[in-house]
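Numbering (my numbering), first residue to last: -9 to 600. By construction, the Cβ of each residue, glycine as well, lies at the ideal position given by its N, Cα and C atoms. Below: one structure, written as structure tokens.
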Amino acid sequence: MCGIVGYVGEENAVPYLINGLRKLEYRGYDSSGIVVGKMVNNKPVFELYKKAGKLTQLVGVLPKELAGSWGIGHTRWATHGMVTDTNAHPFLSNDGKIAVVHNGIIENFQTLRSALEKEGVKFASETDSEVIPNLVARFYKGDLLAAVRDALCNVIGTYALAITCVDDPNKIVVAKRGGPLVIGLADGAYYVASDVSAIVGNTSRVIYLEDGDIVEVTPAGLKFPKIENNDYAKRIEEITISAQETEKCGYDTYMEKEINEQPESIERAFAGRFDMEKATAKLSGFEDEIFQRTNKITAICAGSSYYSSLFGASLIEKYARIPSYAEISSEFAFKNPIVGRDDVYIAVSQSGETADTRDAMTEIHEKGGKVFGICNVPSSTIARESDGGAFMHAGVEIAVATTKAFSNTIMIYYLLALKFARQRGMSKEDGAKFIQEILHQPALIRETLKNSKKMKALAKKYSKAKDFLFLGRGLMHPIAMEGALKLKEISYIHAEAFASGEIKHGPIALVNEKTPSVFLVPDDYTRDMVISNIKEIKARKGPVIAIGVEGDKDLESIVDEFVAVPKVENKDFYALPMLVLCQLFAFYMAKELGCDVDQPRNLAKSVTTR
Ligand code: F6R
């Protein structure tokens, strides 16, 4: 987590640094800061500003006339040390000459700090990052690139770094190990950022850094010591996202925009991915012959990606008859997992940077296994390190709570289930019907979104509740889990999800007249059992909000609130419409309670800590 930016060029660095940080705030928003270098009486000087709180706090203390030809900036998600002005980045070395912004964790910072303290260095903050400028200062003898390289030889941990020295004007040295980092190349200007969303609009030419890269950035160009003859042209890529994708486009919040974009975004997930002739899905990244013989598919993932994968695993198992599982990536290594020769792993990650999922991937690779990826960010580490896979094509997702990327993951799972099922006995006729259901999903979601006002009214009515239960059976259980997560992460209301058959085994003790239960009730084989569970809740005076299917009058008559999604032919296609209603409910609840929907407290979008 944490976002870093940097600029060297002919223009004023400050607008880019601030706009760039605004685009990267999703990576962390506990505090922010910038250091700007400029010439005063022919002498280079630094001006440093940093502030706890959201970026607006920093902007509030910047002098209007602040300008400089180079600078670096940071938006923080706190790991070591409280959220204070002092712990905010950038950090200066004791002599005030070296400035550093850092994303990552320096694991041996205590050892480094003690050694530097013995040499007389005084530390102001509680952070691990502050050792870096002091370490670089210790090695600096007029060549910043060399000093950074020497300093990093002593560092154990992960980092994306932007480092500058006041005695070396118009120069930034960047280094990557673990955290993402990209350099944008324009005429007479170079941009550094944790991700391209901060650069888009300034230039379309970028270089994604790889682990181990250390690069000097000046207005004259880049110095890439790792690349023979400094011939880095081959590494330049075009940014594929548009500036508009990173804007709110008339919505008040990114989350509302992203919820409403879902009909189009799920369409992108399946566009061009059908072979109508053969009634199957075309996913070239899943063509490996291991899929013909495997008898075990395991998704490794975290948070919402775990919930979408629980859904996906059930779907694949049901249709393709391949035993399939989803495992929480942060727990994966603890059982010293057995990686069988024909086992298939799928790393599922919107950001493609989640450290826990990357670790699980490393464990599998080290044991000789194959890991395929389902990622949204094509340039991400997981996407690059996978043995194949599929992109979600959800477009840029900026709100911290995922919505459209979750839906697109579900879409990819529908495609995988179809593809594997067709390889293993699903008839062509059934394949064709399955495709029709997928094609129908955007219209279904468009229709479901028309319930927006109703969900808003419900959120208002139930906004005093302190606890919620989310309940569903079968494929609806993971959707209930996602619904509960959405509510708790953006409205801070306690919400727990259960397989509704489980409530009688304990959770029903939580039910009273103040604890509403949200039931997901498709008109499938689970319906009657779920209705029994609803009655158990009603018998204990628990208010029930049912998300059901249009025309289900019996259900409507026994619950307090009823919201319906349109009917579908194949009952396994209710997940996305029902999920959309849960997303809207959480969204309006958070708005009703005055919460910051896009940047919920304590969270960050890209979770690169362990
Ligand atoms: C919840 C949410 C998180 C992420 C989780 C994994 O709204 O966004 O739970 O799903 O941090 O992130 P990725 O998918 O980027 O690996």
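Burial of Met445 is indicated by the presence of at least 16 other C-beta atoms within 10 angstroms of its C-beta. Minimum Cα-Cα distance from Thr148 among the listed residues Ser187, Glu227 and Thr344 corresponds to Thr344. Contact annotation, Glu15 with Leu48: C-beta distance approximately 11 angstroms; criterion of less than 8 angstroms not satisfied. Under the 10 Å beta carbon count, Phe36 is surrounded by 16 or more other beta carbons and is classified as buried. Between the region 154 to 163 and the region 126 to 140, the count of Cβ pairs shorter than 8 angstroms is three or higher; the stretches touch. According to the DSSP assignment, Glu551 belongs to the beta strand (DSSP E) that extends over Glu551 to Val555.
In this structure Ile229 touches Val190 by the C-beta definition: roughly 6 angstroms separates them, less than 8 angstroms.
Rounded to the nearest angstrom, the Cβ distance from Ala323 to Gly363 is 18 angstroms, too far for a contact under 8 angstroms. Only residues of its own chain outside the window of five on either side were considered, and among them Pro170, Gly342, Glu343 and Arg348 have a CB closer than 8 angstroms to the CB of Thr371, listed in chain order. Uninterrupted alpha helix (DSSP H) stretches at least 4 residues long and entirely within the region 57 to 109 occur at 99 to 108, given in chain order.
Around ligand 1, the residues whose beta-carbon falls short of 5 angstroms from at least one of its heavy atoms are Ala292, Gly293, Ser294, Ser295, Ser339, Gln340, Ser341, Thr344, Ala391, Thr392 and Val597, given in chain order. The Cβ-Cβ distance between Ile88 and Asp118 does not fall below 9 angstroms. Counting along the chain, Arg348 sits inside no beta strand (DSSP E); it lies in the alpha helix (DSSP H) bounded by residues Ala345 to Glu356. Spatial neighbours of Ala395 in its own chain (CB-CB distance under 7 angstroms, excluding positions within 5 residues in sequence) are listed in chain order as Gln340, Asn366, Met382, Ala384 and Glu387. In this structure, Ile173 and Ile197 form a Cβ contact; the two beta carbons are roughly 5 angstroms apart against a cut-off of 8 angstroms. Taking a cut-off of 8 angstroms on C-beta distances, the region 490 to 500 does not touch the region 300 to 320, as fewer than three cross pairs fall below it. Between the C-alpha atoms of Asn93 and Met466 there is a straight-line separation of about 38 angstroms. Residues of the same chain with a CB within less than 8 angstroms of the CB of Ala141, apart from the 5 flanking positions on each side, are Ile122, Leu125, Val126, Arg128 and Phe129 in chain order. Annotated as distal: Val558 and Leu571, with beta-carbon spacing of 9 angstroms or more. Boundaries of the alpha helix (DSSP H) around His430: Lys418 to Thr438. Assignment of Tyr19 by DSSP, reduced to helix, strand and coil, places it in the coil class. Secondary structure at Thr392: coil, using DSSP grouped into helix, strand and coil.
For Asp332, no alpha helix (DSSP H) segment is defined, and its DSSP state is neither H nor E. For Phe324, there is no enclosing alpha helix (DSSP H), as DSSP marks it with neither H nor E. Around the CB of Lys40, 16 or more other CB atoms lie within 10 Å, so the residue is classed as buried.
Per DSSP, Gly132 is not a residue of any beta strand (DSSP E), being assigned neither H nor E.
Taking Glu55 as the centre and dropping the five residues before and after it, the same chain places no C-beta closer than 8 angstroms to its C-beta.
With a cut-off of 8 angstroms on Cβ pairs, the region 263 to 272 is in contact with the region 414 to 431, counting three or more such pairs.
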